[in-house]
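> My questions all concern the structure below.
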Amino acid sequence: MRHALFPTLLASGFTLMIAAPALAAPACFEGQRKVEEANALRFQARQEARIGNHDRVCETLDEIGDRYADARDAFEDCGAGVVAIDLRSESRNLRIAKKVNRCD
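For any residue, its number in the working numbering is found by taking its place in the sequence shown, counting from 1, and adding 72.
So this is what it looks like as structure tokens:
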């Protein structure tokens, strides 16, 4: 009996492990969208830096910071704290980019 119970519990745990991210995905969609917007803005900031438009680079970096803050809040609300921690490191990299570009 003990051997028959173990595979059943293992299968149940595996199913729950696979289903949990799928259930959390709709709640975290807003955070993912904000991260994608921030990535697009990062590309835009690099292009502006190549052109030499310093003021626009700083404005874009500020917008990126806003997107990361919104994404971090959305991920914390949906229970994805690990992603929120990763976004804190991205925010740290953003502060470095602002310092390099002499913003603020």
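Even for Gly, the Cβ is constructed at its ideal location relative to N, Cα and C.
(1) In this structure, how does DSSP classify Asp138 when only helix, strand and coil are distinguished?
(2) Please classify Val172 as buried or exposed, where buried requires at least 16 other C-beta atoms within 10 Å of its C-beta.
(3) Quick check: the Cα distance between Lys170 and Glu102, rounded to an integer number of angstroms?
(4) Around the Cβ of Leu147, are there at least 16 other Cβ atoms within 10 angstroms (buried) or fewer (exposed)?
(5) Run through DSSP, which three-state label would Asp158 get?
(6) Near Asp145, which residues of its chain fall below 6 angstroms by C-beta distance, leaving aside the five closest residues on each side in sequence?
(7) Can you tell me whether Arg139 is buried or exposed, with buried defined as 16 or more other CB within 10 angstroms of its CB?
(8) Just mark Phe86 as buried or exposed, buried being the case when its beta carbon has 16 or more other beta carbons within 10 Å.
(9) Leaving out the 5 sequence neighbours to the left and right, which residues in its chain are closer than 7 angstroms to Thr132 when beta-carbon positions are compared?
Reading from the atomic positions:
(1) Translated into the one-based positions of the sequence shown, residue 138 becomes position 66. Three-state result, Asp138: helix.
(2) Along the sequence shown, read from residue 1 onward, the residue named residue 172 stands at position 100. Result: exposed.
(3) Residue mapping note: residue 170 aligns to position 98 of the sequence shown, counting from 1. Residue mapping note: residue 102 aligns to position 30 of the sequence shown, counting from 1. Their backbone Cα atoms lie some 26 angstroms apart in a straight line.
(4) Within the sequence shown, residue 147 is the residue found at index 75, counting from 1. Note on identity: in this sequence residue 147 is Phe, with Leu being the wrong assignment. Buried is the call here.
(5) Position 86 of the sequence shown holds residue 158. Correct three-state label for Asp158: helix.
(6) Taking the first residue of the sequence shown as position 1, residue 145 is located at position 73. Closer than 6 angstroms at Cβ, skipping near neighbours: no residue.
(7) Within the sequence shown, residue 139 is the residue found at index 67, counting from 1. Burial call: buried.
(8) Translated into the one-based positions of the sequence shown, residue 86 becomes position 14. Confidence at Phe86 is low in this model, with a pLDDT of 45, below 50, so the placement of that residue should be treated as unreliable; the coordinate-derived value is given next. With fewer than 16 Cβ atoms within 10 Å of its Cβ, Phe86 is classed as exposed.
(9) As a working note, residue 132 is residue 60 in the sequence shown. These residues qualify, in order along the chain: Leu113, Gln116, Ala117 and Glu120.
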